[in-house]
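> Residue numbers (the working numbering): -8 to 322. Even glycine gets a Cβ: it sits at the ideal position worked out from N, Cα and C. Predicted model only: the values in this text are computed from it and were never measured. Just passing along the structure, written as structure tokens.
Here's what the structure looks like:
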């Protein structure tokens, strides 16, 4: 069965993807990810096959339900690895925002940008942020507090009274997209990836479109948001029927693990992922971001010893990285 067909099966059925049964003595690990159909889910499916092939480790991919949920899943020992955005990961590690106490998580690799922006139901005829007054907007997700934070900053910047907007919550991107298609909500602030399949379809069908803001106005929002967030511009045509460049908010995506996972396992996983980027890209183009250069830039969490072992083997672990590691371990 070809790789793309396996990925299609996973997305179509919406069930957890389990790889072939492990041979005698082979390890098995659980890999937490986001909503079925999302870019991160597809990437996790691809990573699981790459790791299975090159590290000999059996993996089950589990749609846990968002970055915050994945960080908590690691803390609870329910999963061994996870993909999560930097906002949730750093907040969890420090025990701030929606985490009541610090969470013991460690970094394996850094990868692609995780994007956030407001999508509009085209038939709602919303053109400006000010038009959201009196409308119903998906602006909350329990597992992603950054969604409500960004919405609040957007409303504040354009002087829209938050009480004039009916801000509702969903737990999954799929539920928000269904609500947009049904017409029960007028807009939704969503997490997504560049070219994500679950966004492509409603864009192609003419159900949704982006809120288009000048880069300068987006950048004013960034001044009021945490430093782990930054700006990215998606060129016209990145998504079907995207009529112009769209300026969005981005944050890094982390491949995470927890201290209880063995050094040998993490070493094998990071080696398999970072040395097979082209193969990972055959599942999701975002896989191109998973490389040594990106992994070692702007490090905000301590690495797992298994990852450090790999970096030392490659000759890229420097005294600066070691000093940063020691500082981060002190929280």
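According to DSSP, what are the bridge partners of residue 266?
Residue 266 is not bridged to any residue.
> Taking the alpha-carbon of residue 162 as reference, which of 147, 154, 45, 180 has the nearest alpha-carbon?
Nearest option by C-alpha distance: 180.
> Going by beta-carbon coordinates alone, are residue 281 and residue 102 separated by less than 7 Å?
The answer is yes: Cβ separation under 7 Å.
> Look at the alpha carbon of residue 173 and the alpha carbon of residue 290, and state the distance between them as a whole number of angstroms.
So the alpha carbons of these two residues sit roughly 42 Å apart.
> CB-CB under 7 Å to residue 121, same chain, minus the five flanking residues each way: which ones, in chain order?
Result list for residue 121: 149, 151, in chain order.
> Does the stretch 110 to 124 come within contact of the stretch 197 to 213, defined as at least 3 CB pairs closer than 8 Å?
Touching, per the Cβ criterion.
> Can you grab the Cα-Cα spacing for the pair residue 28 / residue 185, in whole Å?
C-alpha separation (whole angstroms): 13 Å.
> Can you list, in chain order, the residues of its chain whose CB lies under 8 Å from that of residue 124, leaving out five sequence neighbours each side?
Closer than 8 Å at the Cβ level, and outside the excluded window around residue 124, lie 151, 152, 155, 156.
> DSSP on residue 200, reduced to helix/strand/coil?
Of the three classes helix, strand and coil, the one that applies to residue 200 here is strand, per DSSP.
> Determine the DSSP secondary structure at residue 242, reduced to helix, strand or coil.
Of the three classes helix, strand and coil, the one that applies to residue 242 here is strand, per DSSP.
> Quick check on the burial criterion: 16 or more other C-beta atoms within 10 angstroms. Buried or exposed for residue 77?
Counting Cβ neighbours within 10 Å, residue 77 comes out buried, since at least 16 surround it.
> Under a Cβ-count criterion, where at least 16 other Cβ atoms within 10 Å of its own Cβ denotes burial, should residue 249 be classed as buried or exposed?
By the 10 Å Cβ count, residue 249 comes out buried.
> Spatial neighbours of residue 92 within its chain, please: C-beta separation below 7 Å, excluding the five flanking residues on both sides.
86, listed in sequence order.
> Exposed or buried, what is residue 1 when buried is set at 16 or more other beta-carbons lying within 10 Å of its beta-carbon?
With a pLDDT of 44 at residue 1, under the threshold of 50, the predicted position of this residue should be treated as unreliable, though the coordinate-derived value follows. Classification for residue 1: buried.
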